[in-house]
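Some notes on the structure that comes next.
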Amino acid sequence: MPFYIDVDRKRRVAIARGRGDLTFNERLSVPADVAAHPDFEANFGVVVDVRDTPPDLDADRVIESVRSLVRLRPLLHHRLAVVAPESIATPLEVGAALANAGGVPVQIFADFQAALAWVTPEGV
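Positions 1140 to 1263 (this note's numbering) are the ones given, in order, by the sequence shown.
Okay, here's the thing in structure tokens:
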């Protein structure tokens, strides 16, 4: 699997970390792969960390990613954070704005701990 997925049931958070060269389809499948994890529940927060993967992003891919997230909304009821290098933050922020408009709470972060804090449900 191109992304390592760790689910912390106590904190109600799933973390997907990408490493190395990944195809766009591998990146696109991450939310579905997280949702399919046996320990994942729809009310868990999700952090997708792509800092250690070379950027592979253009406008069409941003739009397709947003469409995919909106389709998966029934499986992901809580927040989704993407931790990314600054070099791709702007197109990801555009995608996050579109996803938010589609009902999927997404935010882009440069800092992993800030992303983790944002997705962790209150009271955990």
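Even for Gly, the Cβ is constructed at its ideal location relative to N, Cα and C.
Quick caveat: nothing in here was measured; it's all calculated off a predicted structure.
Exercise. Taking all protein chains shown into account, do 16 or more other C-beta atoms lie within 10 angstroms of the C-beta of residue 1259, making it buried, or fewer, making it exposed?
Worked result: buried
Problem set entry | Whole runs of the beta strand (DSSP E) within the stretch 1194-1242, excluding any shorter than 3 residues | 1219-1222
Problem set entry | CB-CB length for residue 1189 against residue 1223, believed under 8 angstroms | 5 angstroms
Problem set entry | residue 1220 burial status per 10 Å Cβ neighbour count (16 or more: buried) | buried
For this session: Buried or exposed for residue 1184, please, with buried defined as at least 16 other CB atoms from any protein chain shown within 10 angstroms of its CB.
Result: buried
For this session: Starting from residue 1258, trace the beta strand (DSSP E) both ways and give me its first and last residue.
Result: First-last for residue 1258: 1251-1258, but that is the alpha helix (DSSP H), not the beta strand (DSSP E).
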